[in-house]
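Report on the following structure.
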Amino acid sequence: MISITRLSKLYRMGDDEIRALDAVDFSVRRGEFVAIVGPSGSGKSTLMNIIGLLDTPDEGTYLLGGEDVSHMSDNRLAALRNRKIGFVFQNFNLLKSMSAEENVRVPLIYRGMRARQADKIARDMLARLGLGGREKHLPSQLSGGQQQRVAIARALVGSPDILLADEPTGSLDSKTSAEIMAMLKTLNELGQTIVFITHNPELAREAGRVVTIADGMLFEEAVRV
Amino acid sequence: MKWLQIGKDATRNVARNKLRTVLTMLGLVIGISSVIVLVGMSDGSNRQVAEQMKALGGDIISAYLFEGSLGYDDMDDVRALSGVADAVPSKHLNASVSAGTEKSNRAAVEASDEHYLDVRNLKLAAGRNLSSVDRENKSKVCVIGGAVARDLFGTTDALGRTIKLAGDEFTVVGVLEEKGESMGLNTEGLVLVPHQSAGTLGSDGKIETLYVRAAGDDAVQLAKGSVSDYLENEKGISPAMFSVNTQDELLGAGGTVNETMTLLLAGIASISLLVAGIGVMNVMLVSVAERVREIGIKKALGARRGDILIQFLVEALVLSLLGGALGILLGMALCAAAEYAGIPCVVSPTVVCVAAGASMVIGLVFGIFPAHRASQLHPVVALRQE
C-alpha cells in the first residue's frame, strides 16, 4: 500500500540545513494498523504530511498503491488525497460554519458527486459512527468526542485506502480517548488500513505495529502477532 | 454540482459577516447609484433638448444681421432660394400689452406675416392665421398665445376681443394652441401682428432677423449656404456682419457643455467605483487571511487550486453584484425623485446593463488577486495556521 524508500526532506533555516527526514525507509501493507511514535521535532509531522500527500519529499521515492507520487503537481496530489487518504487531526479540523453532515460530505462534493447522493452517504456514515440525529449540528454544538467522530466519518466517507490519524486523541479526555482508539481498532478489524501518529508510546501499543522516529530516522520496534 | 455547492458556501460566508458585507457594499452602492443618476440626468437633459429640437423643427435656420437690413419685398427672394421651403421676418417690438385694466407682462410682440406659424411649427387653437389681406390693409389684427389671453381676459376664449399694443387697438383673430415654452421662443406669450401693421408700434419696417425653414432635414446645409450667399452677394453684407445658424449649431453649444459635464461626472463615478473595488479587494484579503486554516482543511480533503479560487471569486462576485443591484435600485429611485422634482432624469436599460456589468467586472478584477492568493496556499502551511 505504502512503500517509501530513502526518503528525505530538508528545511533551510537561515544558513543551516535541517534534515527533517533522513533517508527513511517505511512501508505499510493493506489492512495494517501502524503507529509512528516520536517526540515533537522528531520529523513525524513531516513524515505524516508526505504520507498524506500534503507535502512532497526532496529525495527518495514514495509509492502509494504502486504509483509514484513523489513528484506530482498540486492538483494531481489533491485528487489523490481526495480518493486515497482520510485525515483525522488532533484538533478535529472541522469546518466551523458547516453542519456535521455538510462536513462529512465535503470530500464527496470535491469528487464531483451530486449533493443529494453525498448527503445520503454522509448521513449513513454518521449513523454508523453513532451520530445519528446530530446531522444538522454545528461543530460548536458537539462535544470533543462527537467532533472527532464527525472527523472520522469525514475521513472514511470516501472509502480511502489509508486512514491517517495524527494524534487523534490529543485533545480528548482519557475516557473519550479510549472510545476513539476502540473505534479505530474496530475499523482496522473491518479491513481499514490505518497509520496512527502519536508522541505517546502507551497509546502506540494499541496498534499492530509500532515504528519509532527520532531525529528524522525510523526504527522498527516490535511486531505483534 | 460542485460549483453550485461552492457558490452556496460563498453566499453563506458573505451572509455570516453582515456588518462587513454591508459596509463593503456601501461603496459599490454609492458608486453604482451615482453612475445611474449622473448618466440619467445627462440622458434626461439630452432628451429635453431633443424634444425642443423636435418642437422647433430641426430644419429651422435663423439669420441675424448686425449691419444692414432686408425689406419685406426681399422675403420673396429668400423664399425662392435653393433648399429653402419658407422664410419669415421676425421683428421684436417693445410695446406694452393691455386690455382694459389688465396687463400682460410676459407678452412679447413680434411682427411677421402669415408664414410665421408654419415656419415656427405653431398651431392655432381657435380663430384664423394672419393673411395677405391683413398685410395689404395694414389691419390692426393679432394672433396671441394662450398666456396672453389668460392674462388679459382670464380665459383663452379671446377671439374678436380688442387688446391695446402701446396704446393702439388690435383685434384678436387667432389664439395659439398651448405648447409650453421652448428654447428662445415664448409661444405662450406671443403677440403676432402683421409686419406692415407695426409702423404705429414704432417699427421702421427693416428686417434684421429672419427664420428660414429648409426643404427637409437634408436640405438644411444647402439652405444655410444659399441664405449666406444671398446676404453676402445679393445684399452686399460682409460675412462678418451677419450670422446664419442651423438649429443644430445653436443647440450644439449646449451639447458641448453637456458633454464636458458628462465626462467629468463619469470620471468622478469611475473613481468612486475604483475605490469601491479596492474595498472589495481589501475585504476579500481579510477574508482569506481569516480562513487560512479552512483553506488548509479543504485542501487536505481534496480541494484543488481551482476549487479554492472559485470559492473566493464567487464570494467577491456575490458581494459586488449584490452591491451593484442595490446601487441600481437606489439610482433608479433617486432618478425618479429627481424627475418628480422637475430635473429631467431617465434610466435607460443600457445604463442598467452597463452598471450590472461594471459591478461584475469589479468583483472579478478585484476578487481575482485575493482568490488567487488563497488558492496558492500550501496545505501544510495553511493547516499549521491557528
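Protein chains in written order, with this note's numbering: chain A, 12 to 236; chain B, 1009 to 1394.
Backbone N, C-alpha and C define an ideal beta-carbon position, used for all residues, glycine too.
None of these values were measured; they are calculated from a predicted model.
Below-8 Å beta-carbon distance, residue i vs any chain A residue
| i | result |
| --- | --- |
| Gln1393 of chain B | no |
| Ile1303 of chain B | no |
| Arg1381 of chain B | no |
| Arg1028 of chain B | no |
| Arg1020 of chain B | yes |
Bridge partner(s) assigned by DSSP for residue i
| i | result |
| --- | --- |
| Met228 of chain A | A:Ala225 |
| Lys1016 of chain B | Per DSSP, none; premise fails for Lys1016 of chain B. |
| Asn1253 of chain B | B:Ser1070 |
| Glu28 of chain A | A:Arg23 |
| Tyr73 of chain A | A:Ile15 |
| Lys1099 of chain B | B:Ala1119 |
| Asp1176 of chain B | B:Leu1173 |
| Pro1202 of chain B | B:Ser1120 |
| Arg1221 of chain B | B:Ile1068 and B:Asp1094 |
| Asp79 of chain A | A:Leu74 |
| Val1105 of chain B | B:Leu1173 |
| Val35 of chain A | A:Leu18 |
| Lys1243 of chain B | In DSSP, Lys1243 of chain B forms no bridge with anything. |
| Ala176 of chain A | A:Val99 and A:Phe207 |
| Glu1110 of chain B | B:Ala1107 |
| Val1183 of chain B | B:Ala1134 and B:Ile1152 |
| Leu1078 of chain B | B:Ile1215 |
Cβ neighbour criterion (16 or more within 10 Å) applied to residue i
| i | result |
| --- | --- |
| Phe1074 of chain B | exposed |
| Asn251 of chain A | Here chain A has residues from 12 to 236 only, and residue 251 of chain A is not among them. |
| Gln203 of chain A | buried |
| Lys95 of chain A | buried |
| His82 of chain A | exposed |
| Leu64 of chain A | buried |
| Arg139 of chain A | exposed |
| Ser1278 of chain B | exposed |
| Glu1267 of chain B | exposed |
| Ser1246 of chain B | exposed |
| Pro68 of chain A | buried |
| His1100 of chain B | exposed |
| Leu1031 of chain B | exposed |
| Pro150 of chain A | buried |
| Glu1242 of chain B | exposed |
| Thr57 of chain A | buried |
| Ile61 of chain A | buried |
Within chain A, partners of residue i - CB distance below 7 Å
| i | result |
| --- | --- |
| Ala1311 of chain B | Ala89 and Tyr121 |
| Gln1013 of chain B | Ile120 and Ala126 |
| Val1388 of chain B | Asn60, Leu65 and Asp66 |
Neighbour list for residue i in chain A, Cβ cutoff strictly below 8 Å
| i | result |
| --- | --- |
| Lys1010 of chain B | Ile120, Tyr121 and Gly123 |
| Arg1024 of chain B | Ser108 |
Interface partners of residue i on chain B, CB under 7 Å
| i | result |
| --- | --- |
| Arg92 of chain A | Ala1308 and Gly1310 |
| Asn85 of chain A | Note that residue 85 of chain A is Asp in the sequence shown here, rather than Asn. Those within 7 Å of Asp85 of chain A in chain B are Arg1313. |
Contact set between residue i and chain B, taken where Cβ atoms lie within less than 8 Å
| i | result |
| --- | --- |
| Asn199 of chain A | Residues of chain B passing the Cβ test: none, with the nearest at roughly 21 Å. |
| Phe98 of chain A | Ala1308 and Leu1309 |
Residue-chain proximity (residue i, chain B), Cβ-Cβ < 8 Å
| i | result |
| --- | --- |
| Asn211 of chain A | no |
| Val221 of chain A | no |
| Val117 of chain A | yes |
| Ser108 of chain A | yes |
Any C-beta of chain C under 8 Å from that of residue i
| i | result |
| --- | --- |
| Gly1275 of chain B | Within the model displayed, chain C is absent; protein chains A and B are what it includes. |
Every unbroken alpha helix (DSSP H) inside the stretch 1035-1068 of chain B [4 residues or more]: Secondary structure in the stretch 1035-1068 of chain B: no alpha helix (DSSP H) run of 4 residues or longer lies completely within the stretch.
Counting only runs that start and end within the stretch 1256-1332 of chain B, where is the beta strand (DSSP E) found for 3 or more residues in a row? Segments of the beta strand (DSSP E) lying fully in the stretch 1256-1332 of chain B: there are none.
In chain order, each alpha helix (DSSP H) run of at least 4 residues that lies wholly inside the stretch 105-162 of chain A: 111-121 and 126-139
What are the uninterrupted segments assigned as alpha helix (DSSP H) that are 4 or more residues long and contained completely in the stretch 1344-1383 of chain B, given in chain order? 1357-1383
Identify every run of the beta strand (DSSP E) within the stretch 1136-1169 of chain B, keeping only runs that are complete inside it and at least 3 residues long; order them along the chain. 1149-1152
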